[in-house]
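See structure below.
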Amino acid sequence: MIDLKNSEEIKIMRQAGRISALALRAVGEAIRPGISTMELDIIAKEFIKKSNGVPSFLNFLDYPATTCISINEEIVHGIPDKNKILKEGDIVSVDVGACYKGYHGDNARTFPCGVISEEASRLLKITEDSLYFAIDFISKNKDITTGDLGFAVQNFIESNDGYGVVKNYTGHGIGRSIHETPRIPNYGNPGEGVNIVSGMTIAVEPMVTIGSPDYKVLDDKWTVVTLSGNLSAHFEHTIAVTDSGVEILTLE
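Every letter in the sequence shown is one number past the one before it in UniProt numbering, and letter 99, counting from 1, is 99.
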């Protein structure tokens, strides 16, 4: 069952989203060659706590950290580690969520570490553009389904030759739980899925690869990597669907 939110709930989620966005910014500003992903995770954890929030991911389904930090060919769910040290030219996907007064915000961004390749820069741009394409599609179209959205996003991404849309890992509803119904896939068929209606709060999060989107899960049971070893990027916002369009909740 989809939990539609009222104006008071969205007001709280706006603050949860702001804490999440500022935590993501704090991590992004600390990214540099030589820093470990565990150090970045600590920055996020401390920021969320001092903002009167609670890390959304920590202990969710036994996940052991505040953030997911995925490097280069890692698509999502990279576990922070003191021995994972960033290098010049890496691309670093950071996913972080915060809970405030019982409601969650969730956002992600892929950051460059120092100077990155033209190929990596283009991947980041296409993935970020696909996120805002999705948000704009919801805002401008009434009576659409999650399948309509996924179909449009997939076409947008794949219209750029050489890029793949990751399957099975998707966006999601969000509110009192970090993951609620419905699933918000970045692929699909028109008319399928559920209707996107006012009052829904959802996390929209395209995950895009260079080349094939085929993947595997590593032995840690969390980290998802491309089978090809090619780069992957990930951008995400939490949004509220309103009568007049869309409000992005994960804003600074």
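Every residue, glycine too, gets a C-beta built ideally from N, C-alpha and C.
Source: prediction; values computed, not measured.
Cβ neighbour criterion (16 or more within 10 Å) applied to residue i
{"i": "Val-27", "result": "buried"}
{"i": "Pro-64", "result": "exposed"}
{"i": "Gly-229", "result": "exposed"}
{"i": "Val-115", "result": "exposed"}
{"i": "Leu-227", "result": "exposed"}
{"i": "Leu-124", "result": "buried"}
{"i": "Val-136", "result": "Strictly speaking, residue 136 in this sequence is Asp, with Val absent from that position. With fewer than 16 other Cβ atoms within 10 Å, it is exposed."}
Reference residue i; option with closest CA among the options
{"i": "Pro-18", "options": "Thr-223, Val-153, Ile-239, Val-94", "result": "According to the sequence as given, residue 18 is Arg; it is not Pro. Ranking Thr-223, Val-153, Ile-239, Val-94 by Cα distance to Arg-18 puts Ile-239 first."}
{"i": "Thr-146", "options": "Ser-244, Asn-52, Val-204", "result": "Val-204"}
{"i": "Glu-73", "options": "Glu-29, Tyr-187, Asn-141, Gly-164", "result": "Gly-164"}
{"i": "Gly-199", "options": "Tyr-187, Val-241, Arg-176, Val-217", "result": "Val-241"}
{"i": "Asn-107", "options": "Leu-24, Ala-233, Pro-213", "result": "Leu-24"}
{"i": "Asn-59", "options": "Ser-36, Lys-82, Cys-99, Ile-91", "result": "Cys-99"}
Whether residue i touches residue j by CB criterion (9 Å)
{"i": "Val-166", "j": "Tyr-215", "result": "yes"}
{"i": "Gly-97", "j": "Phe-47", "result": "no"}
{"i": "Phe-235", "j": "Thr-66", "result": "no"}
{"i": "Ile-69", "j": "Ile-79", "result": "yes"}
{"i": "Thr-201", "j": "Lys-11", "result": "no"}
{"i": "Gly-188", "j": "Asp-148", "result": "yes"}
{"i": "Met-13", "j": "Leu-249", "result": "yes"}
{"i": "Arg-183", "j": "Gly-171", "result": "yes"}
{"i": "Ile-178", "j": "His-104", "result": "yes"}
{"i": "Ser-130", "j": "Ile-157", "result": "yes"}
{"i": "Cys-113", "j": "Pro-33", "result": "yes"}
{"i": "Ile-71", "j": "Tyr-169", "result": "no"}
{"i": "Ala-120", "j": "Gly-150", "result": "no"}
{"i": "Phe-111", "j": "Ile-35", "result": "no"}
N-terminal and C-terminal residue of the alpha helix (DSSP H) that residue i is part of
{"i": "Ser-20", "result": "7-30"}
{"i": "Ile-44", "result": "Before going on, a small fix: residue 44 reads as Ala here, not Ile. Run containing Ala-44: 37-50, per the alpha helix (DSSP H) assignment."}
Endpoints, beta strand (DSSP E) assigned at residue i
{"i": "Ala-233", "result": "232-234"}
{"i": "Ser-70", "result": "67-71"}
{"i": "Ile-75", "result": "74-76"}
{"i": "Glu-247", "result": "245-248"}
{"i": "Thr-223", "result": "No beta strand (DSSP E) holds Thr-223; DSSP gives it neither H nor E."}
{"i": "Ile-2", "result": "Run containing Ile-2: none; DSSP gives neither H nor E here."}
{"i": "Ile-79", "result": "Careful: Ile-79 lies outside any beta strand (DSSP E) and carries neither H nor E."}
Point to revise | Sequence ranges, beta strand (DSSP E) only - wholly within the stretch 81-119, length at least 3 | key: 91-100, 103-112
Check your understanding: What are the start and end residues of each continuous beta strand (DSSP E) run of 3 or more residues lying completely inside the stretch 132-209, in chain order?
Key -> 163-165, 171-173, 180-184, 201-204
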